[in-house]
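Chains as they are written, first to last, in this note's numbering: chain A, 1 to 566; chain B, 567 to 926.
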């Protein structure tokens with residue numbers, strides 16, 4: 001007889017998510033993913049000035065701050081067929097790359113490490129042995145006996161205070177926790193250091209964006225970060241160098257702490273490399289455009305089906321019909337009226353809340369599909385697609401990581417281990433390493449261009465009478481994001497976001513095909529059903545963002561009285 | 567400050583200089599004299615850390631993210647040394663039943679003693695079904711938790727005034743916490759607010775055991791007492807009539823005033839130009855974008871379109887720039903700004919809808 005468990009709330013994510021699972025013989029046999037909040041941002045956008053949309057959509061998510069802003073201006077620019085000054089592209093690219101560094105660091109240490117790391121076990125660690133272990137992974141200056149001793153003291157003081165705060169009632173001593181005390185102490189120390197480095201990344205973004213979270217330097221047509229090397233109030237060499245210094249420090253942390261930690265944890269939990277693959281169709285979009293039109297990119301995107309890297313097919317530019325024409329969203333199992341599957345341009349969605357019905361409707365999240373298939377998006381998708389396309393930096397970091405995992409785990413591992421729960425963490429850390437290099441490369445591109453005397457940042461948009469349609473995509477920290485807009489006589493007529501966590505957290509569709517979270521949970525072991533740590537591991541590996549996933553467009557904006565409460 | 571405290575801090579991993587600097591900066595932001603720094607240190611290192619319950623509703627987690635970026639105190643010191651952050655969905659290790667147990671236990675065990683922080687608005691339409699956590703609606707949760715708290719702090723514009731989901735047509739009936747509870751709470755608006763405004767308020771509460779002075783909208787005066795316009799480094803350009811006409815133009819490259827490209831600094835009560843963001847001496851107007859008024863109630867409707875300028879702002883020497891121009895239907899509804907730029911009356915108060923007057 002299967003046992004049913006519900007985990008609500010799923011914590012250490014953005015937003016409100018509930019997971020239900022059926023367990024038989026200590027394995028998950030079925031799972032449901034349910035988004036628990038809806039705000040109606042796209043309803044609110046209707047009738048507004050398209051130039052304002054990015055400020056609204058950025059507020060879809062403060063964790064994914066910047067990403068909806070960038071996708072939004074790109075959608076409007078696509079509808080108006082605009083070209084963006086090079087400086088504006090480079091500044092946007094730096095922001096998106098540096099934001100991803102912040103986001104990936106925070107995701108690993110703050111949001112997911114506690115699924116693998118037993119904080120209380122760190123009390124049993126020997127600081128000397130911890131330093132030996134850490135130094136075998138990298139020569140990071142923080143890997144010292146003195147530092148580990150101090151951190152151990154901090155953990156001790158916290159535990160003795162009796163006020164564990166956010167660390168209370170967790171999974172310490174859980175049978176699925178396998179790391180030796182020294183690895184736990186090292187991870188706790190790096191958790192505390194990560195808090196400092198994520199902040200440096202945000203400071204770098206704020207120099208360009210005015211503040212962070214929620215940058216305020218974009219505009220349809222470019223950026224508004226004024227550049228003038230001869231003025232104190234603008235982006236000048238002093239400010240630019242400040243960015244370079246901050247990003248260089250963050251890069252050191254990513255390459256010498258974050259990536260080695262994920263490699264070590266992946267290798268020490270090698271049993272988990274066989275769990276959590278789920279949907280092996282992958283989708284990523286190209287990003288970091290190198291020209292004014294968006295036809296050349298520094299990171300590649302495309303699709304892979306059935307986990308077969310030889311099926312890779314790239315998206316070529318900001319206007320690629322292979323992307324535009326193959327995305328549909330289905331609401332058969334979501335809390336909206338009807339049973340349809342439509343292009344984002346054509347959706348008209350009316351809420352229809354039924355409470356949780358495992359055989360009916362059960363989520364505010366819709367089910368996006370590409371050529372009718374559920375797709376996994378996120379750093380792993382981008383890394384696999386980059387690897388399949390022979391992207392220089394991706395190949396370098398993937399090959400390095402696999403060889404180090406092999407040597408720690410004492411076995412040869414190939415790229416197939418990435419289709420797994422730890423594989424998603426590895427994909428994310430590898431992506432961070434790639435972007436930490438690219439952020440600095442784009443800094444050079446910007447400075448070189450300014451040096452040539454080009455100070456342009458903005459092309460003024462103009463809105464012709466009649467109707468224009470456009471879409472804008474962005475490879476966000478959680479994966480492929482796209483915004484879809486219909487403009488009529490200079491006002492927003494229709495706005496729709498197809499968001500990474502919508503792809504991954506999607507419920508079943510009209511054909512009963514399960515979404516990536518749901519698929520990836522099947523087969524996971526569960527040692528203690530009342531403390532389902534393993535579910536958290538797999539769900540967290542996707543880096544869920546539910547505020548992003550749940551949003552909706554209703555062209556009428558008036559149908560909400562149709563809501564049923566059962 | 568006592569030597570003992572110092573040594574304790576150094577043992578806890580602070581450097582003496584950075585810790586003192588942090589406390590001094592907090593004191594400055596609170597408008598306190600340096601003599602009070604030792605008391606802040608004491609409050610910040612109290613052996614029994616006060617419990618905090620942090621609730622998330624209709625929000626984007628941007629306020630929590632802002633706190634993550636705070637430097638004084640930094641998030642590590644905050645949660646390990648100053649407060650006991652017992653319930654916070656984004657950070658806490660426990661999930662599901664384990665998390666819900668903590669919430670129940672904290673609010674009962676520390677009844678009347680914990681601080682409740684709310685992030686996000688509460689949807690009230692259709693019995694609040696648009697936001698559920700642990701099977702309960704946000705509406706049920708806030709009504710259960712808030713009355714048991716020693717103090718309720720609304721962090722961000724959503725919790726303070728409804729925020730982005732309350733923008734017209736407000737599809738889910740989203741409201742701020744004070745409106746939902748029908749009582750006055752401390753509001754720390756901003757989208758997101760500068761973390762210093764929140765932390766300053768918490769440290770004030772812990773140090774003096776009373777609320778900081780609030781304005782009519784429940785906002786602490788130390789952070790929301792003056793208009794951005796009155797503290798802006800571009801103000802001299804405004805006074806002399808030097809304006810950016812279009813982003814990227816020669817005047818933009820010279821750092822001129824952004825009023826004509828939509829800056830809402832003249833109607834926005836905040837301390838952005840004074841305390842700035844992210845420890846890199848920056849803020850939106852500083853880099854070249856207008857203020858969007860994010861600390862004001864209903865700014866999504868009253869301050870948009872964001873790239874159209876305010877009507878009827880009086881400038882010294884040159885009279886009214888634009889009072890005859892159409893600035894958009896939404897903004898015309900609140901064209902009470904005839905009071906003039908130097909008048910002490912804030913527009914914020916005029917933006918309050920009737921029947922929800924929070925004035926003291």
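Beta carbons are placed, not taken as given, at the ideal position from N, Cα and C, and that holds for glycine.
Legend entry - residue 473(A) - partner residues in DSSP beta bridges: 482(A)
Legend entry - Interface partners of residue 640(B) on chain A, CB under 8 Å: Chain order gives the chain A residues near residue 640(B) as 195, 196 and 199, where near means a beta carbon separation below 8 Å.
Inset, instruction - Within 10 angstroms of the Cβ of residue 334(A), are there 16 or more other Cβ atoms? Answer buried if so, exposed if not. - result: buried
Legend entry - residue 87(A), buried or exposed, once every other Cβ within 10 Å from all chains shown has been counted against 16: Note on residue 87(A): 16 or more other CB atoms within 10 angstroms of its CB, so buried under the neighbour-count rule.
Inset, instruction - Could you check what DSSP says for residue 495(A) in three-state terms: helix, strand or coil? - result: strand
Inset, instruction - Determine, using beta-carbon pairs with one atom in the segment 727–737 of chain B and one in the segment 36–48 of chain A, whether at least three such pairs fall under 8 Å. - result: yes
Inset, instruction - Classify residue 722(B) as buried or exposed, calling it buried when 16 or more other Cβ atoms lie within 10 Å of its own Cβ. - result: buried
Legend entry - Beta-carbon proximity of residue 96(A) to residue 201(A), cut-off 8 Å: No, Cβ-Cβ distance for residue 96(A) and residue 201(A) is not below 8 Å.
Legend entry - Where the beta strand (DSSP E) through residue 403(A) begins and ends: Taken as a continuous stretch (DSSP letters only), residue 403(A) belongs to no beta strand (DSSP E), being part of the alpha helix (DSSP H) at 392–409.
Legend entry - Distance CB(residue 655(B))-CB(residue 11(A)) smaller than 8 Å: yes
Legend entry - Residue range of the unbroken alpha helix (DSSP H) whose run includes residue 161(A): 145–161
Inset, instruction - With a threshold of 7 Å, establish whether the CB of residue 210(A) neighbours any heavy atom of the ligand GTP. - result: Because no ligand of any kind appears in the structure shown, any question about the ligand GTP cannot be addressed here.
Inset, instruction - Could you please give me the residues that DSSP links to residue 579(A) through a beta bridge? - result: Nothing can be reported for residue 579(A): it is not among the residues displayed for chain A, which extend from 1 to 566.
Inset, instruction - Take the Cβ of residue 33(A) as the centre, count every other Cβ of all protein chains shown within 10 Å, and call the residue buried at 16 or more, exposed below. - result: Buried, since its Cβ has 16 or more Cβ neighbours within 10 Å.
Legend entry - Range covered by the beta strand (DSSP E) that runs through residue 3(A): 3–7
Inset, instruction - Quick one: give me the first and last residue of the beta strand (DSSP E) that residue 464(A) is part of. - result: No beta strand (DSSP E) contains residue 464(A), which DSSP labels as neither H nor E.
Legend entry - Cutoff 8 Å: residue 859(B) Cβ touching any chain A Cβ: Chain A has no Cβ within less than 8 Å of the Cβ of residue 859(B).
Inset, instruction - Starting from the beta carbon of residue 651(B), find every residue of chain A whose beta carbon is closer than 9 Å, and list them in chain order. - result: 165 and 166
Inset, instruction - Would you kindly check if the distance between the Cβ of residue 186(A) and the Cβ of residue 133(A) is under 8 Å? - result: yes
Inset, instruction - Would you list, in chain order, the members of the segment 709–724 of chain B that have their beta-carbon closer than 7 Å to a beta-carbon of chain A? - result: none
Legend entry - Where the beta strand (DSSP E) through residue 24(A) begins and ends: 17–24
Legend entry - residue 297(A): first and last residue of the uninterrupted beta strand (DSSP E) it sits in: 297–299
Legend entry - residue 36(A), DSSP secondary structure in three states: coil
Legend entry - N- and C-terminal bounds of the beta strand (DSSP E) containing residue 284(A): 282–284
Legend entry - chain B within 8 Å of residue 497(A), Cβ atoms only: Residue 497(A) is outside the set of residues whose beta carbon lies under 8 Å from a beta carbon in chain B.
Inset, instruction - Name, in chain order, the residues that DSSP records as bridge partners for residue 843(B). - result: 848(B)
Legend entry - Cβ-based burial, residue 531(A) [other Cβ within 10 Å; buried from 16]: buried
Legend entry - Beta-carbon proximity check, residue 869(B) vs residue 879(B), cutoff 8 Å: The answer is no: Cβ separation not under 8 Å.
Inset, instruction - Leaving out five residues on either side along the sequence, give the residues of the same chain with a beta carbon under 6 Å from the beta carbon of residue 617(B). - result: Scanning its chain for C-beta atoms nearer than 6 Å, with the 5 sequence neighbours on each side dropped, one finds around residue 617(B) the residues 650, 652, 672, 676 and 680, in chain order.
Inset, instruction - Please state if the CB of residue 389(A) and the CB of residue 447(A) are separated by a distance shorter than 8 Å. - result: no
Legend entry - Alpha-carbon spacing of residue 876(B) relative to residue 829(B), whole angstroms: 8 Å
Inset, instruction - Compute the Euclidean distance between the alpha carbons of residue 785(B) and residue 774(B), then round it to the nearest angstrom. - result: 17 Å
Inset, instruction - Would you list, in chain order, the members of the segment 345–377 of chain A that have their beta-carbon closer than 7 Å to a beta-carbon of chain B? - result: 353
Inset, instruction - Give a yes or no on whether the C-beta atoms belonging to residue 482(A) and residue 472(A) are separated by under 8 Å. - result: yes
Legend entry - Other residues of its chain near residue 637(B): CB distance less than 6 Å, five sequence neighbours each side excluded: 845, listed in sequence order.
Inset, instruction - Check whether the Cβ of residue 656(B) lies closer than 8 Å to any Cβ atom in chain A. - result: yes
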